[in-house]
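Student: The structure's right below; bear with me while I get my questions together.
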Amino acid sequence: MRTTRLGRRAQAGPPTTPPGDATSPLVHARELSVGYGAGPVCAPVDLDLTPGEVLALVGPNGAGKSTVLRAVLGLLEPLGGTLEVLGATPDERAASFRARVAGVMDDDSWFPALTTREHLLVTAAGHGVTSPGAVVDDVLGTVGLVDRADVLPSALSSGQRRRLLLAAAFVRPCDLLVLDEPEQRLDTEMRGTLADLVLARATQGAGVLVATHDGTLLQALSGDAVVIGERTCERMGAAAALARMEGGV
Ligand SMILES: Nc1ncnc2c1ncn2[C@@H]1O[C@H](COP(=O)(O)OP(=O)(O)OP(=O)(O)O)[C@@H](O)[C@H]1O
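Reading the sequence shown from the start, the letters are residues 11 to 259 in my numbering.
Here you go:
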């Protein structure tokens with residue numbers, strides 16, 4: 011187990027289901043073209059993500075990071091190229107796909123009459139977690155929402171709602187975790203906790219694909235990054251990607 015800043019605390023959440031084949035990619039994209047009907051929003055994307063790996067997507071505003079992630083989550087049909095997730099075409103309507111793939115995109119949606127804890131209990135129980143109460147309490151502690159556990163989403167601050175959204179991804183098992191700019195609205199300490207949670211999930215065997223503008227998070231995750239642009243998409247180490255980010259690319 012990788013040592014994390016938060017030690018045991020960052021191991022919060024249920025274990026992942028072990029992938030059938032630890033060497034086969036969870037995500038495999040070749041010449042993947044994505045867009046919204048009027049042509050691709052970025053250069054064709056080549057990408058492989060294997061179990062236990064953390065891969066960042068970086069690029070300027072509007073580069074196409076979220077669009078690529080939507081395709082990976084089966085929310086958007088590719089315009090062309092090859093995209094396989096868990097060895098098949100991604101289909102978010104399939105329960106078997108949703109059981110293995112957790113995604114946090116830039117969308118808040120809540121049951122207005124369920125508390126913070128109840129949201130997490132529903133998510134954990136819905137994904138078959140044994141002892142969901144204990145797992146939820148653990149994650150609530152990790153994301154600093156213990157004292158907001160029994161309030162409705164309308165009584166949470168925007169950063170606390172973001173923590174709840176992220177917590178929902180960590181109270182359930184998954185083989186693939188997809189995060190779209192998870193650093194949004196988080197304070198510095200929580201960004202560190204987030205990095206620890208992501209690394210712990212990868213250590214358990216999940217693959218993590220994370221779009222980010224946060225150079226500190228990119229460094230903390232220390233995997234490779236795919237730098238998405240209009241003309242090229244290139245895979246490189248975190249340090250090289252950080253230099254590109256700082257250069258405004
Ligand atoms: N639903 C949509 N319909 C049409 N065009 C869209 C839609 N969503 C995004 N776009 C456009 O697609 C392009 C890529 O957007 P995308 O959200 O993937 O970029 P991004 O790299 O995630 O940007 P950011 O860093 O600002 O979040 C942008 O030009 C955007 O305006």
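Each residue gets a CB set at the ideal place from its N, CA and C atoms; glycine is no exception.
(1) I'd like to know whether the C-beta atoms of E63 and L85 end up nearer to each other than 9 Å.
(2) What is the rounded straight-line gap between the Cα of A253 and the Cα of E128?
(3) What is the chain-ordered set of residues for which the beta carbon lies under 5 Å from any non-hydrogen atom of ligand 1?
(4) If we count Cβ pairs, one from each stretch, closer than 8 Å, do we get three or more for the stretch 39-47 versus the stretch 87-96?
(5) When you compare each of D185, T126, A177, S141 to D157 by their alpha carbons, which one comes out closest?
(6) The alpha helix (DSSP H) with L209 in it runs from where to where?
(7) Does G47 come out as helix, strand or coil in the three-state DSSP assignment?
(8) Quick one: measure Cβ to Cβ for L175 and V114, integer angstroms, because I've assumed they're closer than 8 Å.
(9) Who pairs with D234 in a beta bridge, going by DSSP?
(10) Given a threshold of 16 other Cβ atoms within 10 Å of its Cβ, counted over all protein chains shown, does T140 qualify as buried or as exposed?
(11) Classify P163: buried if its beta carbon has 16 or more other beta carbons within 10 angstroms, exposed otherwise.
(12) Report, in whole angstroms, the separation of the C-beta atoms of L186 and V111, which I expect to be a contact under 8 Å.
(13) Rounded to the nearest angstrom, what separates E193 and H223 at their Cα positions?
(14) I'd like the list of long-range same chain contacts for S168, defined as Cβ closer than 8 Å, with 5 residues on each side in sequence excluded.
Tutor: With the structure as the only source:
(1) Along the sequence shown, one-based indexing puts residue 63 at 53. Along the sequence shown, one-based indexing puts residue 85 at 75. Against a cut-off of 9 Å, the Cβ pair of L85 and E63 comes out as no contact.
(2) Residue numbering aside, residue 253 sits at position 243 when the sequence shown is read from its first letter. Residue numbering aside, residue 128 sits at position 118 when the sequence shown is read from its first letter. The straight-line gap separating the alpha-carbon atoms of A253 and E128 is approximately 42 Å.
(3) Cβ-based neighbours of ligand 1 within the cut-off: Y46, V51, N71, G72, A73, G74, K75, S76, T77.
(4) Inter-segment contact for the stretch 39-47 and the stretch 87-96 is present: three or more beta-carbon pairs are separated by less than 8 Å.
(5) Within the sequence shown, residue 157 is the residue found at index 147, counting from 1. When only C-alpha atoms are compared, the closest one is T126.
(6) Against the sequence shown, residue 209 aligns to sequence position 199. Note, L209: alpha helix (DSSP H), 198-213.
(7) Residue 47 sits at position 37 when you count from the first residue of the sequence shown. Reduced to three states, the DSSP call for G47 is coil.
(8) As a first step, residue 175 is located in the sequence shown; it is residue number 165 there, counting from the start. As a first step, residue 114 is located in the sequence shown; it is residue number 104 there, counting from the start. Their Cβ separation, rounded to whole angstroms, is 6 Å, which keeps L175 and V114 in contact under 8 Å.
(9) Residue 234 sits at position 224 when you count from the first residue of the sequence shown. By DSSP's assignment, D234 forms a beta bridge with L65, G247.
(10) Walking along the sequence shown from the start, residue 140 turns up at place 130. It is exposed - the Cβ of T140 has fewer than 16 other Cβ atoms within 10 Å.
(11) Your numbering for residue 163 matches position 153 in the sequence shown. So P163 counts as buried.
(12) Numbered from its first residue, the sequence shown carries residue 186 at position 176. Numbered from its first residue, the sequence shown carries residue 111 at position 101. With 8 Å as the limit, L186 and V111 qualify as a contact, their Cβ atoms being about 5 Å apart.
(13) Here residue 193 corresponds to residue number 183 of the sequence shown, with the count starting at 1. Here residue 223 corresponds to residue number 213 of the sequence shown, with the count starting at 1. So the two alpha carbons sit approximately 8 Å from each other.
(14) Reading the sequence shown from its first residue, position 158 is the one you call residue 168. The residues are R195.
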